Ligand SMILES: Nc1ncnc2c1ncn2[C@@H]1O[C@H](COP(=O)(O)OP(=O)(O)OP(=O)(O)O)[C@@H](O)[C@H]1O
Ligand SMILES: [Mg+2]
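In our numbering, the protein residues as written are 2 to 435.
Laid out in structure tokens, this is it:
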């Protein structure tokens, strides 16, 4: 059973067109054939009328008619004589008959002149049918040409009619995994509208559900922040106290656990905020100044680990966006670079303009990201197949969403070169025109 609507339509219409062509063709053929036979009879009758009044009476092929048609006049005289064929002809009445001459079937017209002499106009039946079939076949040519044309047009019309459906499916396929915006109904045929309505209803429900989920995460993170801060403070308060070394170890473990939890909550909140905001107050932001600020913030940590953190290139470039979000994105990227670079390594930043884009590039001398992880490091909570160091795995998801909201792009690539390793992250944002 054919499941494609297009295939079914095409096969159905093809069958109808071919059937109509065959039936129409057969009728036309036989009709044209019998007309051609009649026409040849009337040629015999016309020649008979000429021969009736002709002054020269002579048997032989008639000139002036198509030579192939082999129309002949046979003078029979005024009494039966000559060959057996001639004598049999004499025996026939005036008019059209089918007869045999020299063993071959012929069509004959017999006429008698006023003076009593008779003659016959003859034509071989085989030639007549040949001519008639030839003429009938020629009437089929237009039908034979029309059928493929009709099939072609039908195919084109069907393909065209289904194009909006394919376009719609293409649009859906091309969507980002998290794009659940409404499908546009403009230009879609009316038969598709109910279907589109249902899909849009479903998307609407999904949006509401995601929004609910996001709000729940944001609320939960927010609610948890206060007690965790209070707990951290309590733990810090224990610091100055004189305690036994095993106790000190547990206290340190407790404090680092608190720090990690706090970090996770901060990241969760930042992610939920990014998901919520349809780009909060957008303004002109100086990307180079932001990068400088972030580097200045992280410099103490970097120099404590002898990491050379600095710029290889810095140009003033401006982008449109939410300044807090952009700070958060740059910070997450530089933090990663510092975090994953071993002590004594390098983290180099470049900030510059290129083809109407503001570019920030961060290179580190860490281990880079295993190729199989490269495509996944932007997923929430993904920290690589073999996680190392501390972290919630949310940093790059936050960065990705911020970059998306600014209409920019982000590229992660491992630095390949002799004796070099590390990750290069390139973020391109549309530069603001000042
Ligand atoms: N510069 C880098 N060098 C090597 N691996 C990296 C680098 N940046 C990111 N990664 C890998 O990508 C993973 C995801 O990074 P992401 O910033 O999202 O999470 P995180 O740094 O582990 O946690 P968080 O940023 O929330 O503290 C990291 O766990 C790490 O495996
Ligand atoms: Mg990170």
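Glycine included, every Cβ here is placed at the ideal spot set by N, Cα and C. In this text the structure is predicted, and so the values were computed from the model without any measurement.
**Request:** Check whether the Cβ of residue 369 lies closer than 6 Å to any heavy atom of ligand 2, and answer yes or no.
**Result:** By one-based count along the chain shown, residue 369 stands at place 368. No; taking the cut-off as 6 Å, the Cβ of residue 369 has no heavy atom of ligand 2 nearer than that.
**Prompt:** residue 178 lies in the alpha helix (DSSP H); which residues open and close that run?
**Reply:** Stepping through the chain shown from its first residue, residue 178 is reached at position 177. Note, residue 178: premise wrong, no alpha helix (DSSP H); not H, not E.
**Asked** How many Å lie between residue 307 and residue 344 at the Cα?
**Response** As a working mapping, residue 307 is identified with position 306 in the chain shown. As a working mapping, residue 344 is identified with position 343 in the chain shown. If you take the alpha carbons of residue 307 and residue 344, they lie about 6 Å apart.
**Asked** Considering residue 201, what are the terminal residues of the alpha helix (DSSP H) in which it resides?
**Response** Position 200 of the chain shown, counting from 1, holds the residue named residue 201. Here the alpha helix (DSSP H) through residue 201 covers 194–239.
**Message:** Three or more C-beta pairs under 8 Å: does that hold for the segment 248–267 against the segment 310–323?
**Reply:** no
**Prompt:** Applying the criterion that 16 or more other CB atoms from any shown protein chain within 10 Å of the CB defines a buried residue, is residue 198 buried or exposed?
**Reply:** Counted from its first residue, the chain shown places residue 198 at position 197. Residue 198 comes out exposed.
**Asked** If you check the beta carbons only, do residue 75 and residue 60 fall under 7 Å apart?
**Response** Reading the chain shown from its first residue, position 74 is the one you call residue 75. Reading the chain shown from its first residue, position 59 is the one you call residue 60. Residue 60 sits close to residue 75, with the two beta carbons spaced by under 7 Å.
**Message:** Taking the straight line between their C-alpha atoms, what separation do you get for residue 39 and residue 131?
**Reply:** For this step, residue 39 is matched to residue 38 along the chain shown. For this step, residue 131 is matched to residue 130 along the chain shown. One C-alpha to the other measures close to 14 Å.
**Message:** Assuming contact is defined by CB atoms lying nearer than 7 Å, are residue 95 and residue 112 in contact in what I supplied?
**Reply:** Locating residue 95 in the chain shown gives position 94, where the first residue counts as 1. Locating residue 112 in the chain shown gives position 111, where the first residue counts as 1. Yes. Within cutoff.
**Message:** Assuming the contact rule is C-beta atoms closer than 8 Å, residue 364 and residue 423 should be a hit. Round their C-beta distance to whole Å, please.
**Reply:** The count along the chain shown starts at 1 and reaches residue 364 at position 363. The count along the chain shown starts at 1 and reaches residue 423 at position 422. The Cβ separation is near 6 Å, so the contact holds.
**Message:** I'd like to confirm something about residue 396: is its beta-carbon nearer than 6 Å to some heavy atom of ligand 2, or not?
**Reply:** Translated into positions along the chain shown, residue 396 becomes position 395. The answer is yes for residue 396.
**Prompt:** Considering only the beta carbon of each residue, do residue 359 and residue 318 sit closer than 7 Å?
**Reply:** As a first step, residue 359 is located in the chain shown; it is residue number 358 there, counting from the start. As a first step, residue 318 is located in the chain shown; it is residue number 317 there, counting from the start. Yes. Within cutoff.
**Item:** Limits of the alpha helix (DSSP H) - the one that residue 410 falls within
**Value:** The count along the chain shown starts at 1 and reaches residue 410 at position 409. Per DSSP, residue 410 belongs to no alpha helix (DSSP H); it is in the beta strand (DSSP E), 410–415.
**Item:** Identity of the residue in 396, 227, 210, 128 nearest residue 263 by Cα
**Value:** In the chain shown, the residue the question calls residue 263 occupies position 262. Measuring from the Cα of residue 263, the nearest candidate turns out to be 227.
**Asked** For residue 52, does the count of other Cβ atoms within 10 angstroms reach 16, so buried, or fall short, so exposed?
**Response** Along the chain shown, one-based indexing puts residue 52 at 51. Burial state of residue 52 is buried, judged by a 10 Å Cβ sphere holding 16 or more other Cβ atoms.
**Cβ shell of residue 256 (< 7 Å), same chain only, five flanking positions each side left out** = Within the chain shown, numbered from 1, the residue matching residue 256 stands at position 255. So the list reads 236, once near-sequence residues are dropped.
**Request:** List in chain order: all unbroken alpha helix (DSSP H) runs of 4+ residues lying wholly within the segment 131–161.
**Result:** none
**Request:** Return yes when at least one heavy atom of ligand 3 lies under 6 Å from the C-beta of residue 385, else no.
**Result:** Of the ligands one can find in the structure shown, namely ligand 1 and ligand 2, none is ligand 3.
**Message:** Please state the DSSP three-state secondary structure of residue 347.
**Reply:** Reading the chain shown from its first residue, position 346 is the one you call residue 347. Reduced to three states, the DSSP call for residue 347 is strand.
**Asked** What separation, rounded to the nearest whole angstrom, lies between the Cα atoms of residue 341 and residue 242?
**Response** In the chain shown, the residue the question calls residue 341 occupies position 340. In the chain shown, the residue the question calls residue 242 occupies position 241. Distance between the alpha carbons of residue 341 and residue 242: 34 Å.
**Message:** When you measure from the CB of residue 329 to every non-hydrogen atom of ligand 1, does any distance come out below 6 Å?
**Reply:** In the chain shown, residue 329 corresponds to position 328, counting from 1. Residue 329 Cβ: outside cutoff for every heavy atom of ligand 1.
**Request:** Give the DSSP-derived three-state secondary structure of residue 103 in the structure shown.
**Result:** Reading the chain shown from its first residue, position 102 is the one you call residue 103. Three-state DSSP puts residue 103 in coil, outside helix and strand.
**Request:** Sort 129, 274, 419, 124 by Cα distance to residue 1 and report the nearest one.
**Result:** As shown, the chain starts at 2 and ends at 435. That puts residue 1 outside it, with no answer to give.
**Request:** Could you say which of 393, 339, 175, 48 lies nearest to residue 64 if we only look at CA atoms?
**Result:** Position 63 of the chain shown, counting from 1, holds the residue named residue 64. Considering only alpha carbons, the answer is 48.
**Request:** Please state whether DSSP places residue 4 in a helix, a strand or coil.
**Result:** Against the chain shown, residue 4 aligns to sequence position 3. Of the three classes helix, strand and coil, the one that applies to residue 4 here is coil, per DSSP.
**Request:** Round the Cβ separation of residue 18 and residue 107 to the nearest angstrom and send it over; I've been treating them as touching at under 8 Å.
**Result:** Reading the chain shown from its first residue, position 17 is the one you call residue 18. Reading the chain shown from its first residue, position 106 is the one you call residue 107. The Cβ separation is near 42 Å, so there is no contact.
**Request:** State the beta-bridge partners of residue 431 as determined by DSSP.
**Result:** As a position in the chain shown, residue 431 is number 430, starting the count at 1. Answer is 358.
**Request:** Hey, could you find the ends of the beta strand (DSSP E) residue 76 is sitting in?
**Result:** Here residue 76 refers to the residue found at position 75 when the chain shown is read from its first residue. Unbroken beta strand (DSSP E) run through residue 76: 73–78.
**Item:** Euclidean distance between Cα positions of residue 369 and residue 325
**Value:** The residue given as residue 369 occupies position 368 in the chain shown. The residue given as residue 325 occupies position 324 in the chain shown. Whole-angstrom Cα-Cα distance: 28 Å.
**Local Cβ density within 10 Å of residue 12, reported as buried at 16 or more and exposed below that** = Along the chain shown, one-based indexing puts residue 12 at 11. The residue is exposed, with fewer than 16 neighbouring Cβ atoms inside 10 Å.
**Prompt:** The beta strand (DSSP E) spanning residue 284 covers which residue range?
**Reply:** By one-based count along the chain shown, residue 284 stands at place 283. Segment 284–287, the beta strand (DSSP E) holding residue 284.
**Item:** Continuous beta strand (DSSP E) stretch holding residue 309: start and end
**Value:** Numbered from 1 along the chain shown, position 308 holds the residue referred to as residue 309. 309–315 is the extent of the beta strand (DSSP E) around residue 309.
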